[in-house]
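J.: Structure incoming, see below.
Protein chains: 4
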Amino acid sequence: MKTSLARRVVAEFLGTALLLATVIGSGIMADGLANGNVALALLANTIATGTALVALILAFGQISGAHFNPVVTLMDAFEKGLPWPETPHYIVGQVLGGITGAVTAHLMFAVPVISLSHHARSGPPQVFSEFVATFGLVSVIWGCSRLRSNAVAFAVGAYITAAYWFTASTSFANPAVTIARCLSDTFAGIRPIDVPWFVCAQFLGGFVATMVFRWLVPNLQVRAKEVLLAHDVEQTR
Amino acid sequence: MKTSLARRVVAEFLGTALLLATVIGSGIMADGLANGNVALALLANTIATGTALVALILAFGQISGAHFNPVVTLMDAFEKGLPWPETPHYIVGQVLGGITGAVTAHLMFAVPVISLSHHARSGPPQVFSEFVATFGLVSVIWGCSRLRSNAVAFAVGAYITAAYWFTASTSFANPAVTIARCLSDTFAGIRPIDVPWFVCAQFLGGFVATMVFRWLVPNLQVRAKEVLLAHDVEQTR
Amino acid sequence: MKTSLARRVVAEFLGTALLLATVIGSGIMADGLANGNVALALLANTIATGTALVALILAFGQISGAHFNPVVTLMDAFEKGLPWPETPHYIVGQVLGGITGAVTAHLMFAVPVISLSHHARSGPPQVFSEFVATFGLVSVIWGCSRLRSNAVAFAVGAYITAAYWFTASTSFANPAVTIARCLSDTFAGIRPIDVPWFVCAQFLGGFVATMVFRWLVPNLQVRAKEVLLAHDVEQTR
Amino acid sequence: MKTSLARRVVAEFLGTALLLATVIGSGIMADGLANGNVALALLANTIATGTALVALILAFGQISGAHFNPVVTLMDAFEKGLPWPETPHYIVGQVLGGITGAVTAHLMFAVPVISLSHHARSGPPQVFSEFVATFGLVSVIWGCSRLRSNAVAFAVGAYITAAYWFTASTSFANPAVTIARCLSDTFAGIRPIDVPWFVCAQFLGGFVATMVFRWLVPNLQVRAKEVLLAHDVEQTR
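Chains as they are written, first to last, in the numbering used here: chain Z, 477 to 713; chain S, 477 to 713; chain A, 477 to 713; chain E, 477 to 713.
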């Protein structure tokens, strides 16, 4: 039995909020404790983000599909998974959730509730990194589409853990995450002026990955409905 | 066939004892080896705690549900999982287990058996952090309630790994853990005077998460019995 | 169809050899790169050991049960899992495997093939730590005995990861490992004179855990055969 | 229904490219941030590589078997898994994928697109390390051949995480990886002159492991087809 749209959008909101609280909060904590050792701070930030994704996708996957990411939502609609009219609701839920998560992290660490970031992340290598990061992320998601759905949580958590380190941009790979992080003048921030380039590269990377997997896995559209939307009964206990 | 109450309470005692031995013992070890590098000490403490949770929930989940946490036990009773009359037995087992774990860690590291902590953890951001931490923990548990039960062990271990870093309080999220840690004047300690605020925020966070998930997952009460109490035969080999 | 004893003993030999190559080799590597930062060296040593256990138990579990540990083998026989006459073969395979692994690590890192360790690990807190470490390890193994067998690999890997940090002795918890490590005058070594105390504490910890779980899980003896010996067909593809 | 050879070769190409982008990219990132702390840089490089393998094997395993490694492909053909005529296609896809991944990492980090490495990795201990590393890798793969196929992703990711630390060579264990890394004058590089020794040791290690497992698991050839080639329907949802 399908979960109502309202419930699914609230699940996307909550999951994205907890994800952003993790990304930004762990960045503040790690930066504060690491005494300028950026490798160590990024390692803590990475481990927190990767494990949060595992937990949150396991928790919300059965309710909304646990996209937490407008690129994933659009690509899912493109493959006839999520119905198109539901797409804007998902994306609004994700973006508002991301901002709420940033605010939550700021309140927990007693820094200004909202502050525009001064962290420059620009130039072709950074933008190309976001293209690669999102191409990889969407590839992993479509690649797992024939596995039992729990595997997606581990695959995505593991992929983002790796991508924090193998891309020059530390792999935002998610427009909702990118928007929320420009509102945080902390370790995880990004200047608002750099956001549009990141977001374009992310959508492009996701789109190319979807086109590649449409050829690679001929029955991808059939799978899209099962994997990324609410999961079927066979998966439950 | 349901396991007897005595066996389940002993399982809660043992699991909580091993959990606290991990939290406090790894804190002492990490603090001692890290030469003042707090980020590195906390990373070791985090990895030890997260992996211990995975192992202990896998090991004791089939016996008692592996709550190890009075908030989880009360919320489970609230959702008609655990019968109310069994609740105090669970909680007493958890609290005594936590204290036993603290004492065990102290004996292993040759520090005073019991010593009140002087580690201040106070102020609204810390208390709000505990609210968020426990809200997230209970959300993850209820969110996984439709998955096969092994997933809960990985989800909770992963969540706490993240929450150590994304909350300003390093995410106690558990009254039995909080009480035991006030008896340890080491890396993981908390001043007794800060305990009541933490515990109140934890129960409140767990309660709000339960209310949210009651709406989000309409058949949550039906699931509570299966997931958090002793698991059914289908899960066994 | 049960695997022949010779094959199972060779599996125990190979698995224990690779385990010890990991414990000792990663200790040498980490110690050499960490410039005296012992917390960082131990963290690398921990992660290598925990992940090796996951890989090796997944790989050899279906063949021999992947004990790699005389305490586990004896307790399994005690619970009527492994037949008593096969026990000495298992233990000899494990001890020889451990020594072979130590030699392999030494050859890879170009240090003396065998050298008695000077690393003192003595005193009641260290010995008590080994009791606790092995009590916890055997508890986790028996606790997982009702889960599908893959879970044991993750539970044991996760448990040892935690136990490296929460015990003052870094959790040897295995007589074959202890013997092999006394032949390595490197980061992971232990003085030969400290070995008997460690081994006694390990057997005692394993025995107490087995007694506790005999009461806690009444049908433990029935499970022993299925879980720790070669696994049944249902588990295979 | 079997996936066409073209699709499987493209999957090998893509997966190996993403793997090498991770190995080399995370090496550059870690080296740049770690301020000469090589243990910390290698730890970040290790975690990125291990998690990338989990994600990529989960994603591409159902399509091509996710070998990403000429040794694995040859051994699979040797055990009558992959048909011999398809072997060269796989290997060419892997080698070209590896080079593409190196180029991608270089573009993301704005270093020269191709540059021969000056990182010396020579001498018998290094070459012996590659023998051990690949012996262990192929042992783990064959050992998991009776488990459900998802386990291979976790076992291989965990094994390589350990092997980065327990071998003196940091465990290349893969000729396609070795060739690509000689084209990168960065943290992860290897001098071209050292490549042939590494590759020979890798094939030898894989061959010995296959011979050992042929005896250890008598029905290994039957399994090879199911596990390492495209997986059957039972594994899908």
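Where is the CB? At the ideal position from N, CA and C, for every residue including glycine.
1) Closer than 8 Å is the cut-off here; do at least three beta carbon pairs connect the segment 489 to 498 of chain S with the segment 589 to 602 of chain A?
2) Quick one: is residue 622 of chain E near chain A, going by C-beta distance under 7 Å?
3) Buried or exposed for residue 665 of chain A, please, with buried defined as at least 16 other CB atoms from any protein chain shown within 10 angstroms of its CB.
4) Run through chain S and tell me which residues come within less than 8 Å of residue 540 of chain A, C-beta to C-beta.
5) Please work out which residues of its chain come closer than 6 Å, Cβ to Cβ, to residue 693 of chain S, disregarding the five sequence neighbours upstream and downstream, and give them in chain order.
6) Taking the alpha helix (DSSP H) that residue 563 of chain S belongs to, which residues open and close that run?
7) Counting only Cβ pairs nearer than 7 Å, list the residues of chain E close to residue 516 of chain A.
8) Would residue 497 of chain E pass as an interface residue toward chain Z - the criterion being a Cβ-Cβ separation below 7 Å?
9) Counting only Cβ pairs nearer than 9 Å, list the residues of chain E close to residue 665 of chain Z.
10) Find the nearest neighbour of residue 655 of chain Z within the set Z:583, Z:640, Z:678 and Z:633, judged by alpha-carbon distance.
11) Following the continuous alpha helix (DSSP H) through residue 552 of chain Z, name the residue where it begins and the one where it ends.
12) Output yes if chain S places a C-beta closer than 7 Å to the C-beta of residue 680 of chain A; else output no.
13) Between residue 563 of chain S and residue 605 of chain S, which are expected to be in contact by the criterion C-beta below 8 Å, what is the C-beta distance as a whole number of angstroms?
14) Using a Cβ-Cβ cut-off of 6 Å (strictly less than) and excluding sequence neighbours within five positions of residue 591 of chain Z, which residues of its own chain qualify?
15) So is residue 486 of chain E buried or exposed if we call it buried at 16+ other beta carbons inside 10 Å?
16) Below 8 Å, how does it come out for the segment 498 to 505 of chain Z and the segment 575 to 594 of chain Z: are there three or more Cβ pairs, yes or no?
17) Who are the Cβ neighbours of residue 607 of chain Z in its own chain at under 7 Å, not counting the five residues just before and after it?
18) Could you name the residues of the same chain whose beta carbon sits closer than 6 Å to that of residue 459 of chain S, not counting the 5 residues immediately before and after it, in chain order?
19) With a Cβ-Cβ cutoff of 7 Å, do residue 636 of chain E and residue 526 of chain E count as a contact?
20) So, for residue 627 of chain A: in the same chain, excluding its five sequence neighbours on each side, which residues have a beta-carbon less than 6 Å away from its beta-carbon?
21) I'd like to check one pair, residue 645 of chain Z with residue 639 of chain Z: are the Cβ atoms closer than 7 Å?
22) Between the alpha carbons of residue 708 of chain A and residue 540 of chain A, how many angstroms are there, rounded?
23) Look at the alpha carbon of residue 695 of chain S and the alpha carbon of residue 685 of chain S, and state the distance between them as a whole number of angstroms.
24) With distance defined between alpha-carbon atoms, name the residue in E:653, E:630, E:659 and E:673 nearest to residue 531 of chain E.
25) If the cut is a Cβ gap below 7 Å, which residues of chain Z does residue 584 of chain E touch?
26) Who are the neighbours of residue 486 of chain Z on chain S, taking C-beta pairs under 7 Å?
27) Going straight from the alpha carbon of residue 512 of chain A to that of residue 512 of chain Z, what length do you get?
28) Among S:633, S:672 and S:688, which residue has its Cα nearest to the Cα of residue 499 of chain S?
29) Can you look up residue 528 of chain S in the DSSP assignment and give me helix, strand or coil?
30) Quick one: grab the DSSP three-state call for residue 519 of chain S.
31) Using 7 Å as the threshold, is the C-beta distance between residue 641 of chain A and residue 524 of chain S below it?
32) Using alpha carbons as the reference points, say which of E:690, E:668, E:478 and E:658 lies closest to residue 537 of chain E.
33) For residue 519 of chain Z, go through chain E and note every residue whose CB falls closer than 8 Å to its CB, in chain order.
34) Closest Cβ-Cβ distance between residue 612 of chain E and chain A: below 7 Å?
35) With a threshold of 7 Å between beta-carbons, can residue 527 of chain A be considered close to chain S, or not?
36) Name the residue from Z:533, Z:547 and Z:593 whose alpha carbon lies nearest to the alpha carbon of residue 651 of chain Z.
T.: On the basis of the supplied data:
1) no
2) yes
3) buried
4) Going along chain S, no residue has its Cβ under 8 Å from residue 540 of chain A, so there is no contact; the nearest lies around 18 Å.
5) none
6) 563 to 584
7) 515 and 516
8) yes
9) Within 9 Å Cβ-Cβ: nothing; residue 665 of chain Z doesn't reach chain E, min ~17 Å.
10) Z:678
11) 546 to 554
12) no
13) That pair is no contact at about 26 Å.
14) 661
15) buried
16) yes
17) 677, 680 and 681
18) No answer is possible for residue 459 of chain S: the residues shown for chain S start at 477 and end at 713.
19) yes
20) 620
21) no
22) A caution first: residue 708 of chain A carries a pLDDT of 39, below 50, which makes its placement in the model unreliable, though a value can still be read off. Spanning the two alpha carbons is a distance of roughly 12 Å.
23) 15 Å
24) E:630
25) 601, 604, 605, 608, 643 and 644
26) 692
27) 19 Å
28) S:633
29) helix
30) helix
31) yes
32) E:478
33) 516, 519, 520 and 523
34) yes
35) no
36) Z:547
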